[in-house]
Amino acid sequence: MKRDDDNLRDSRRKLLAGLAVSAAGVLAARGRALAGESATSDEPDKRPRRWGLVIDLDRCVRCGGCVVACQQENNVAPLGPKQAVRTRPIHWMDFLPPALGSSLPTPIPCMHCEDPPCVKVCPVGATYQSPEGITAQIWERCIGCRHCMVACPYARRYFNWSEPRWPGDELSSLNPDVAPRPRGVVEKCTLCHHRIRAAVERAAVDEEPLSDEAVRRLPACAQSCPTQAISFGDLSDPESEVSRLARSPRATRLLAEAGTRPKVIYLREDT
Amino acid sequence: MKRPPRSTEPAAAASHLGRRELLGSAALAGAALLGCRPKKDPYRIDKPPVPRVPGWRTGEERWVLSTCALCEAACGIKVRVVEGRAVKIEGNPEHPVNRGGLCSRGQAALQALYHPERVRSPLRRTGSRGSGQWKTISWDEAIGEVTAKLAKLRAAGGPERLVLIDGETGTLTHNLWARFLLAYGSPNHVGMGSTGSAAVELDTPYRQGLYGWRADDLERTGLLLAMGTDLLASSGQAMHLQCASRARRPRVICVSPRRPGCRVDEWIPIAPGGYGALALALVHVLLRDALVDSRGFEALPGAGRTPEETTQVTGIPAETVERLAHALAENRPALVASDGSVVAASNGLSTAIAISALNGLLGERERLARVLGTVRMAGWPAPTVDALAAARRAVPRVDGAGTAACPFGQSRVQALPAAIASAKPYPVEALLVRGANPLATLPGRQAWAAALQRVPFVVSFSPWLDETAWLADLVLPESLFLEAWDMVWPAAVTDPPVLSLRQPVVGPVHGTRQSGDLVLALAAGLGGSIGSALPWKRQQDVVETSFPPQSMAAIKEKGAGRSVCADDENCKHGLGEIVDLESTTPHEFAFFARRIASAGTRDGTRSSEAAAGSGLPPWEAPRFSGDPLQFPLHLVPYRPAPFVADGAHAFPWLSELPLVSGNPWPLRAEINPADAARFGVADGDEVLVESSVGSCAAVALVSDGVRPGVVAMALGKSGVVDLVVPDEDRLSGLLAWQGTRVRLRRAS
Chain A
226 MKRDDDNLRD
236 SRRKLLAGLA
246 VSAAGVLAAR
256 GRALAGESAT
266 SDEPDKRPRR
276 WGLVIDLDRC
286 VRCGGCVVAC
296 QQENNVAPLG
306 PKQAVRTRPI
316 HWMDFLPPAL
326 GSSLPTPIPC
336 MHCEDPPCVK
346 VCPVGATYQS
356 PEGITAQIWE
366 RCIGCRHCMV
376 ACPYARRYFN
386 WSEPRWPGDE
396 LSSLNPDVAP
406 RPRGVVEKCT
416 LCHHRIRAAV
426 ERAAVDEEPL
436 SDEAVRRLPA
446 CAQSCPTQAI
456 SFGDLSDPES
466 EVSRLARSPR
476 ATRLLAEAGT
486 RPKVIYLRED
496 T
Chain B
-18 MKRPPRSTEP
-8 AAAASHLGRR
2 ELLGSAALAG
12 AALLGCRPKK
22 DPYRIDKPPV
32 PRVPGWRTGE
42 ERWVLSTCAL
52 CEAACGIKVR
62 VVEGRAVKIE
72 GNPEHPVNRG
82 GLCSRGQAAL
92 QALYHPERVR
102 SPLRRTGSRG
112 SGQWKTISWD
122 EAIGEVTAKL
132 AKLRAAGGPE
142 RLVLIDGETG
152 TLTHNLWARF
162 LLAYGSPNHV
172 GMGSTGSAAV
182 ELDTPYRQGL
192 YGWRADDLER
202 TGLLLAMGTD
212 LLASSGQAMH
222 LQCASRARRP
232 RVICVSPRRP
242 GCRVDEWIPI
252 APGGYGALAL
262 ALVHVLLRDA
272 LVDSRGFEAL
282 PGAGRTPEET
292 TQVTGIPAET
302 VERLAHALAE
312 NRPALVASDG
322 SVVAASNGLS
332 TAIAISALNG
342 LLGERERLAR
352 VLGTVRMAGW
362 PAPTVDALAA
372 ARRAVPRVDG
382 AGTAACPFGQ
392 SRVQALPAAI
402 ASAKPYPVEA
412 LLVRGANPLA
422 TLPGRQAWAA
432 ALQRVPFVVS
442 FSPWLDETAW
452 LADLVLPESL
462 FLEAWDMVWP
472 AAVTDPPVLS
482 LRQPVVGPVH
492 GTRQSGDLVL
502 ALAAGLGGSI
512 GSALPWKRQQ
522 DVVETSFPPQ
532 SMAAIKEKGA
542 GRSVCADDEN
552 CKHGLGEIVD
562 LESTTPHEFA
572 FFARRIASAG
582 TRDGTRSSEA
592 AAGSGLPPWE
602 APRFSGDPLQ
612 FPLHLVPYRP
622 APFVADGAHA
632 FPWLSELPLV
642 SGNPWPLRAE
652 INPADAARFG
662 VADGDEVLVE
672 SSVGSCAAVA
682 LVSDGVRPGV
692 VAMALGKSGV
702 VDLVVPDEDR
712 LSGLLAWQGT
722 RVRLRRAS
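These protein sequences, in sequence, are chains A and B. Heads up, the first sequence is in my numbering, so the first residue is 226 and it goes up one at a time. Heads up, the second sequence is in my numbering, so the first residue is -18 and it goes up one at a time.
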C-alpha cells in the first residue's frame, strides 16, 4: 500500500518535473522571440555574437558615473536611507570591495556568464541566455522565488522588496524604452539590451554591418565612463576592441574558478 | 494625447497625408458612419502629465546640447528629450572638456530637475523668521518688493550695504550680477565658490600676474606629484589625467592624508597642512644635490629647510623625501599639481608659494602649465556708473577682502557673520543669496543664523527651501541649469580654452525664472543708470548677442567653441571674446614676489608682508584649532567623487552610490586601523566625532587608506561642516577647512 503510494508520488513528481522543464523550454523560446532576437546571427557566415564587456581597473577613477548612468537609463529607483538599512539598494552596475589586486572598489555589472548558474535554477524560465550571450530576464514572468539570487556567485541580482517610488514629477524622467519592474520581481543588468537591438536594427535598415566602432560605447555604463575604462563589443569577433583587450596580459576574470566563464573581463592595474 | 484608434482601412490613398492624420481621419469617418461620438479607448494608456510643456507629440524625440553645472569643470552634456520630458543626460562627445564622458553628478541631474521639493513660485515669509510660514506671491509682486527695498537703500545713500553671496563663477550670469552691483554701487560681491577654484585663483595671478585659465599638459608630463585629497577624486583633472593614453600617461605620485579614489603609482600619506613644508624640503634636496639649475633661486626663503626638519610637520620620513626629490629630477618634465584642500589651511598662501617655488625650480612648469586666456565682455556697452555708485564702490568691502585685514583675498565669505553682527565697517541692510546655502555648507551655523536674523532684508534665490532660504524674507526660486540660458567658461583645463553653451533642455518645470532674467528684471525695475547698464530684455538675448555671430553658430552646433576675435570685424562692434593671454604676455615666473611687493590694498594701506624686504611672506607651520590633548586627531574633510556643493539632498542616487561597502547613506568616519585599536572602535561601529565647536554621529570605516592620526570625512553629507572651526588664512582669506582637531569615541 505504502509502496504504491510512493511509486505514484515518484511518477507524479517526474511527470510534473518533465512538464515544468518542457514548459520552461517553450517559455524561454517564446521569450527570445518576444525579445526580438533571431535564433541565429544577422550574417549566416559569421559566428553568433557573444556580447561582452572589458573593464580597465587601471583607468577607472571610481567616479560612479556608470552606476548612475545605468540607473537613469534602466529606470532603477533609489530606495532611500530606510530601505538601504534593511536591504541593499538596486545597482545593476555596482561597486564591490577591492578585488583582483587593487586596493580600490571594483565596478561590477552582471558577468553574463557563458555557463550562467542563475538560468539553471529558474523554475519558470523567466531568465535565459539569449543567442547573443546575454543573460536576460523577462520581468513579467518572474515569480520572485529568488533562487537565481542564491545561485549567482557574483550577487548580481536584485529583488524588488518594495514598489519603486518616483516622487513628484520624477516619473517624467523615466526612459520610455525600458519597463520599470514592480515589487516582488528579481531584476538584473541586461547589457542595455534595448540599445543593442536599436543598433542592430539601425544597421539592418542602413544595410551595413554593425561595426565594432559603433558599439564600443553602446551600453549606458560604457558610454558615460569619463576615462573610457569600459569597452563593449563582440567577443567572438577576434578583431573587436574587447577581443583585443581580452588578450592583454592584464586580462583576468572574477571568480574564474567557479567555472561560470564570465563575459566581463577585467584588466588588472598596471604595476 | 490620445493614441490613434486602430483601423482596418487601407492606407493607400492620400499620399500627402501622414500616417497619423490618415488614421485619425479614417477613425473620424468611421465614427461618422456609425453615427456616434468616438468612445474612450479602453486600452488607452494615460501617460504621466508633462509638467509645463505646451507642445509635444507622441513619440517625439530630441537631443539638446547644454553644459553641466554641478562642478566647475563644466562638462558638455547631451540630453535626450522624449515627448517634452528630459529622460537621459549623456556626455557630449564633441565637447573638448569631457569628450563624451560624464561622471555621476551630471548623470543624476534629472532627479533634481523633477524633484518634488523644488520651490514652485516666489514665496513671502508671513510669520517670524524661521517659522516656516510662507505665502505664495506672483513674480511681479516679488520683483517689485525687491526693487522697492533696493531703491530705498540707494536713495538713502548706502548702496554698499547691499551684499550678494554668489555660489557661481565663470558664467555670463555671474558677470551680469557683477555688473548689477557695479552700477548699483556695492563692492560686496562675495564669492562662495569651491576651494578648488580658490586655489587656482591663488596660484595663477600671484605667480604670473594674470587672471585666466591655466592648463597643465598632463599628457606630456613625465611625473605628476598630485597634492591634496580632491585632485584625483572629484575634480575634472582626474578625468583628463586618466584619459591620456596608457603609453603617455605620467607616473603619478599622490601626497595626501587619504588615499585617492583612483589608482596611483604611489601614495605618500602626509599630515594635514604639511604640503608647504614638503615642497620646501624637496626644494632643499634639489638644490643641495644640484639636481636642477638653481640660477635665481638662491634667495628663496625656507630653502634651507632639510627633510629632517620638516618630518615633524609632514610626517613623511626624510628618506622618502630624498627619494621623491630624485624621482622628480629624473622623470622630467615633472609637474606638481595641487587642489583646494592643500591651501585650505591657516598657512594657505605660504603653502602656495612653496609649491610654486618647487614648480619653478623644476623649470618645466612654464612649458607644461600655460595661462591660456580669459573672457572679456567687450561686447557689452560701457557700464553707466553714476557718481553715487562710483563713490560707494570704493569703500572697503564688508568681508575685509582687499583690506589690511586680508590683503590678498578675493572674497572672504567666512568673515561675513562677524561683520554683520558687529555692523563694522558698516551695517548690512540687504543680503541676496544665490547658488549658495552658507548656513549648511559653511562652518559656524549658529553665527550664520544669528547674522541672518540681524539683516533687515534677506532674499534667497535658491530652488530649494534650504536652511538659508528658510531664514529669508523672500524666496525667488531660480531655474535649475537644465532650464536656463547661459555661457560658461570651464574652469577645468582645456586647450584651447572654450566657451560652453548652456541652453534650456526643457521649459521651466515649475514657475521658476532664470537667474539672468531676474537680475535684468531687477535692473529694469530700479531704472536709471542701473537699468541702462543692463539694457537687455532676456537672458537669452544676452547669451545670443554677447559673442560674434559666426562663433555663436559654431558654439550652438557643437555645444562649445572658441570666440576669439583678434582682428575680427566683430571686435570693432565690441562683442565678447576670449583673450588669448599666451600670445599677448611673455611667460615669467614671478614667485608671487612682484605681485605681492606691488600689492596695494583697496583701503590704501600696504601690507606689512609686502613692506618686509624680499616681498615673500615666510613659510609658517599650520595652525590647528583645539587642544591636542583633548582632541588628538586631525579632521580631514574631503570632496568625494559624487560631491555636490549645493542641494545635495536632491540627488538620492548620489547619496546611494555604493562607493563604500554596505549601506552608503550614513556619514562615515574613516580612520586608520592603528587609531581604531587606540580608541577601541571596530569597523561599522557607530561613533561620535567631536571638535571644540560641535559633534556629529557617524559610522566608523576602518581602512588603511587613511593616515594614522586623522579622521577623513566626506563633505556633502550633513554634520561634517558643524565640526569645522571657521579659522582662515589671514593673507589669502581662504577658509582653513583642514585646520580642526577632533576626538572620536564609540557612541553609547
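We treat Cβ as the ideally placed atom computed from N, Cα and C, and that holds for glycine.
Take residue 297 of chain B, set aside five residues on each side of it, and the residues of its chain with a beta-carbon closer than 7 angstroms to its own are 249, 251, 259, in chain order. Here DSSP, grouped into helix, strand and coil, assigns residue 325 of chain A to coil. With contacts defined as CB atoms closer than 8 angstroms, residue 440 of chain A and residue 419 of chain A fail to qualify as a contacting pair. Per the Cβ contact rule, the region 501 to 508 of chain B is not in contact with the region 524 to 539 of chain B (fewer than 3 Cβ pairs under 8 angstroms). Within chain A, no C-beta atom comes nearer than 7 angstroms to that of residue 294 of chain B; the closest sits roughly 27 angstroms away.
Taking all protein chains shown into account, residue 618 of chain B has 16 or more neighbouring C-beta atoms within 10 Å of its C-beta and is therefore buried. The beta carbon of residue 517 of chain B sits closer than 7 angstroms to the beta carbons of 501, 523 from its chain, once the five residues preceding and following it are set aside; these are given in chain order. Residue 638 of chain B has a beta carbon lying within less than 8 angstroms of a beta carbon in chain A. Contact between residue 242 of chain B and residue 312 of chain B does not hold, since their C-beta atoms are separated by about 23 angstroms, which reaches or exceeds 8 angstroms.
Chain A has a Cβ within less than 8 angstroms of the Cβ of residue 79 of chain B. In its chain, beyond the 5 residues on either side, 263, 266, 267 have a beta carbon closer than 6 angstroms to the beta carbon of residue 306 of chain B.
Under DSSP, residue 446 of chain A shares a beta bridge with no residue. In terms of CA proximity to residue 256 of chain B, B/336 leads the group B/172, B/152, B/336. Only residues of its own chain outside the window of five on either side were considered, and among them 166, 167, 168, 169, 373, 374, 376, 379, 407 have a CB closer than 8 angstroms to the CB of residue 141 of chain B, listed in chain order.
Judged by their CB atoms, residue 419 of chain B and residue 124 of chain B are not nearer to each other than the 8 angstroms cut-off. Note that the C-beta distance between residue 703 of chain B and residue 665 of chain B is not below 8 angstroms.
Using a CB distance cut-off of 8 angstroms, residue 83 of chain B counts as an interface residue toward chain A. Identification of chain A residues near residue 615 of chain B by a Cβ-Cβ cut-off of 8 angstroms yields none; the smallest Cβ-Cβ distance measures about 22 angstroms. Residue 486 of chain A and residue 433 of chain A have their C-alpha atoms spaced approximately 31 angstroms apart.
In terms of beta-carbon proximity, residue 316 of chain B stays away from the interface with chain A, with every pair separated by 8 angstroms or more.
Counting along the chain, the unbroken alpha helix (DSSP H) around residue 374 of chain A starts and ends at 372 to 376. Secondary structure note for residue 161 of chain B: it is in no beta strand (DSSP E), and the uninterrupted alpha helix (DSSP H) holding it is 153 to 165.
Taking CB atoms only, residue 484 of chain B has no neighbour in chain A less than 8 angstroms away.
Nearest CB-CB separation between residue 488 of chain B and chain A: not below the 8 angstroms threshold. At a Cβ-Cβ threshold of 8 angstroms, residue 47 of chain B and residue 483 of chain B count as neighbours. Burial is judged here by how many other beta carbons sit within 10 angstroms of a residue's own beta carbon; residue 38 of chain B has fewer than 16 and is exposed. The C-beta of residue 494 of chain A comes closer than 8 angstroms to at least one C-beta of chain B. Taking the Cα positions, residue 623 of chain B is about 7 angstroms away from residue 288 of chain A.
Residue burial is scored here from C-beta neighbours: residue 608 of chain B has fewer than 16 other C-beta atoms within 10 angstroms and is therefore classed as exposed. Between the region 317 to 330 of chain A and the region 356 to 374 of chain A, the count of C-beta pairs closer than 8 angstroms stays below three; the two stretches do not touch. Under the three-state reduction of DSSP, residue 496 of chain B is assigned to helix. Between residue 695 of chain B and residue 708 of chain B, the C-beta gap is not smaller than 8 angstroms, which leaves the two residues out of contact. Rounded to the nearest whole angstrom, the CA to CA distance from residue 409 of chain B to residue 72 of chain B is 43 angstroms. Judged by DSSP in its simplified three-state form, residue 249 of chain B adopts strand. The shortest C-alpha to C-alpha distance from residue 455 of chain A to any of A/275, A/274, A/273, A/284 is the one to A/284. Here the region 49 to 58 of chain B does not lie against the region 412 to 432 of chain A, with fewer than 3 beta-carbon pairs under 8 angstroms apart.
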